[in-house]
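**Student:** After the structure tokens below, expect a handful of questions from me.
Number of protein chains: 2
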Amino acid sequence: MNQKTQRFATIRKIIRNELISSQEELIARLRECGVEITQSTLSRDLKYMNVAKVPHKEKGYIYVLPNTVQHDANVSSNISDNITSLTFSGNLGVLKTKSGYASAISVPIDNLDSPDILGTIAGDNTVLLILREDANRSHIIESLVRIFPMMSNIL
Amino acid sequence: MNQKTQRFATIRKIIRNELISSQEELIARLRECGVEITQSTLSRDLKYMNVAKVPHKEKGYIYVLPNTVQHDANVSSNISDNITSLTFSGNLGVLKTKSGYASAISVPIDNLDSPDILGTIAGDNTVLLILREDANRSHIIESLVRIFPMMSNIL
DNA sequence: GTTATATTTGTATAAATATGCAACGACCTA
DNA sequence: TAGGTCGTTGCATATTTATACAAATATAAC
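As they're listed, the protein sequences go chains A and B. So for the first sequence, the working numbering puts the first residue at 1; every next one is plus one. So for the second sequence, the working numbering puts the first residue at 1001; every next one is plus one.
Here it is in structure tokens:
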């Protein structure tokens, strides 16, 4: 339906360009754009469009479109800020990073020359750690936190 | 203080590994992990941790950790014509593609944000899927076929 | 056209989430 | 010790969001 498509476009435009904290607020903005809509329909629209609600420093919460990568306002020079998670599976460790940082992150890990980390493979946002079969995960984490202190925030 | 850090870690672990649709559900899981918490505190914790709530096909809505904020998993169809095989080995999946397509193929897989697929690494014609330890291979296949319909031809 | 079937919407309400406020405890300093 | 500040929490509740249901509207088949 074209009516609906048009409405979606307007919703997207507003969310992309403004900080919207609630559906009521968005309804008001839509009205200003000539779109009448009830809260229930909007709720369904947002769900259909995969719009997420995320915490935001100033506004409390805001809606964000899918594919919109959240960029921190303050870019940190600390490389370990770019590590987002560490999980283990069998004899592998999977270290996720912000896009593009995997290679940079993997270098100091290689340089650890830890007997527990046999090697690493870096993609774009993932560093694969191949671990010794009987490696102790706690020891791995300790080693990593030693070179990436900020990592303790995400563990 | 340390109590709180510990609680955060548990919350993160649960959110990373499971599909949680509501705070009440998360409270129940936390209790199973020995963490007693009220809804109001949890709400504040989630806000503090920048945890977002995003629409999800099966569960309605799920909580996701920052930097994994939801992307479009609906993908143009014919790209999946370039997948040639899928095999499993231990907790790894190996997806072979025509030369040069691995990166393109891996993007929508990353965007699935499946708790079963911890991460992907794309080479030139191979995508390595790192799976959760107890991941169900059938479920993985289902997820992949959902975004790459043509894959069903080669399975 | 008519009828059947599916999609979209609003209303009313349920469900889920955020938050003001008071209370508690940790940690100061005098 | 008493008194002060600060961070954390639970309770109660306000706010916000999702959804069951029925009505309206579109879509398709005849």
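Here a beta-carbon is modelled for each residue, glycine too, at the ideal position from N, C-alpha and C. All values derive from a computational prediction rather than experimental measurement.
1) Strictly below 9 angstroms CB to CB, what residues from chain A border B:A1122?
2) Quick check on the DSSP output: what are the complete beta strand (DSSP E) runs of length 3 or more inside the stretch 1118-1149 of chain B, in order along the chain?
3) Start and end of the alpha helix (DSSP H) containing B:P1055?
4) Grab me the residues of A:M49's own chain with a C-beta within less than 8 angstroms of its C-beta, minus the 5 sequence neighbours each way, in chain order.
5) Grouping DSSP H, G and I as helix and E and B as strand, with all else coil, what is B:N1074?
6) Just how far apart, CA to CA, sit A:K57 and A:Y101?
7) Within 10 angstroms of the Cβ of B:A1028, are there 16 or more other Cβ atoms? Answer buried if so, exposed if not.
8) Which runs of the beta strand (DSSP E) at least 3 residues long sit entirely within the stretch 1083-1114 of chain B? Give them in chain order.
9) By the criterion of Cβ-Cβ separation under 9 angstroms, what are the contact partners of B:K1047 in chain A?
10) Taking 8 angstroms as the CB-CB cut-off, is B:I1011 touching chain A?
11) Which residues in chain B have a C-beta closer than 8 angstroms to the C-beta of A:L128? List them in chain order.
12) Based on Cα-Cα distance, which residue from A:I140, A:T38, A:I20 lies nearest to A:K53?
13) Taking the alpha-carbon of B:D1134 as reference, which of B:I1117, B:I1083, B:A1122 has the nearest alpha-carbon?
14) Can you list the residues of chain A that B:R1029 reaches, using a CB-CB cut of under 9 angstroms?
15) Give the straight-line distance between the Cα atoms of A:K96 and A:E32, rounded to the nearest whole angstrom.
16) Give the secondary structure of A:I62 by DSSP, where H, G and I count as helix, E and B as strand, and everything else as coil.
17) According to the neighbour-count rule (16 or more other Cβ atoms, all chains shown, within 10 Å of its Cβ), is B:P1108 buried or exposed?
18) Against chain B, does A:S43 count as a neighbour if the rule is that its beta carbon must be under 8 angstroms from one of theirs?
19) For B:S1106, does the count of other Cβ atoms within 10 angstroms reach 16, so buried, or fall short, so exposed?
20) Taking the straight line between their C-alpha atoms, what separation do you get for A:I37 and A:I15?
21) In three-state terms, what does DSSP make of A:T10?
22) Could you give the distance in angstroms between the alpha-carbon of B:S1043 and the alpha-carbon of B:Q1023?
23) I want to verify the contact list: residues of chain B whose CB lies under 9 angstroms from the CB of A:T5, in sequence order.
24) Nearest CA to the CA of B:I1083: which residue from B:V1035, B:L1128, B:R1137?
25) By the 10 Å Cβ neighbour count, where 16 or more other Cβ atoms means buried, how is B:G1119 classified, buried or exposed?
26) Measure the Cβ-Cβ separation of A:I89 and A:N125 and say whether it is below 8 angstroms.
27) So with CB distances below 9 angstroms, who are the chain A contacts of B:R1137?
28) Considering only their Cβ atoms, is the gap separating B:G1093 from B:I1140 smaller than 8 angstroms?
29) Could you compute how far the alpha carbon of A:A122 sits from the alpha carbon of B:I1121?
30) Which residue marks the beginning of the alpha helix (DSSP H) containing A:I27, and which one marks its end?
31) Using a C-beta to C-beta distance shorter than 7 angstroms, which residues of chain A count as neighbours of B:R1146?
**Tutor:** Checking against the coordinates, here is how it stands:
1) At a C-beta separation below 9 angstroms, B:A1122 has these neighbours in chain A: G123, D124.
2) The stretch 1118-1149 of chain B contains these whole beta strand (DSSP E) runs: 1126-1131.
3) No alpha helix (DSSP H) holds B:P1055; the beta strand (DSSP E) holding it covers 1052-1056.
4) Here the set comprises F8, I11, R12, L65, P66.
5) Low per-residue confidence applies at B:N1074: pLDDT is 35, beneath 50, and the placement is therefore not dependable, though the value from the model is reported in the following sentence. Note: B:N1074 maps to coil in three-state DSSP.
6) Their Cα atoms are separated by approximately 25 angstroms.
7) Taking all protein chains in view, the Cβ of B:A1028 is surrounded by fewer than 16 other Cβ atoms within 10 Å, so the residue is classified as exposed.
8) Runs found: 1083-1089, 1092-1097.
9) By Cβ distance, chain A contributes P55, G60, Y61.
10) Judged by the 8 angstroms Cβ criterion, B:I1011 is not in contact with chain A.
11) At a C-beta separation below 8 angstroms, A:L128 has these neighbours in chain B: G1119, I1121, L1128, I1130.
12) Of A:I140, A:T38, A:I20, the residue nearest in Cα terms is A:I20.
13) With distances taken between Cα atoms, B:D1134 lies closest to B:I1117.
14) Simply none; closest approach about 17 angstroms.
15) If I take the Cα positions, the gap works out to 42 angstroms.
16) Reduced to three states, the DSSP call for A:I62 is strand.
17) Looking at its Cβ environment, which holds 16 or more other Cβ atoms inside 10 Å, B:P1108 is buried.
18) It does not: the Cβ of A:S43 has no partner Cβ on chain B nearer than 8 angstroms.
19) Counting Cβ neighbours within 10 Å, B:S1106 comes out buried, since at least 16 surround it.
20) Rounded to whole angstroms, A:I37 to A:I15 spans 15 angstroms at the Cα level.
21) In this structure, A:T10 counts as helix in the three-state DSSP scheme.
22) If I take the Cα positions, the gap works out to 7 angstroms.
23) The contacting residues do not exist; A:T5 stays about 15 angstroms from chain B at best.
24) In terms of CA proximity to B:I1083, B:L1128 leads the group B:V1035, B:L1128, B:R1137.
25) So B:G1119 ends up on the buried side.
26) What sits at residue 89 of chain A in the sequence shown is Ser, not Ile. The answer is no: Cβ separation not under 8 angstroms.
27) None at all; the shortest Cβ gap to chain A is about 14 angstroms.
28) Closer than 8 angstroms, so yes.
29) Going by the C-alpha atoms only, they are around 8 angstroms apart.
30) That run of the alpha helix (DSSP H) goes 23-32.
31) Neighbours of B:R1146 across chain A, judged by C-beta separation under 7 angstroms, do not exist; the nearest C-beta is about 15 angstroms away.
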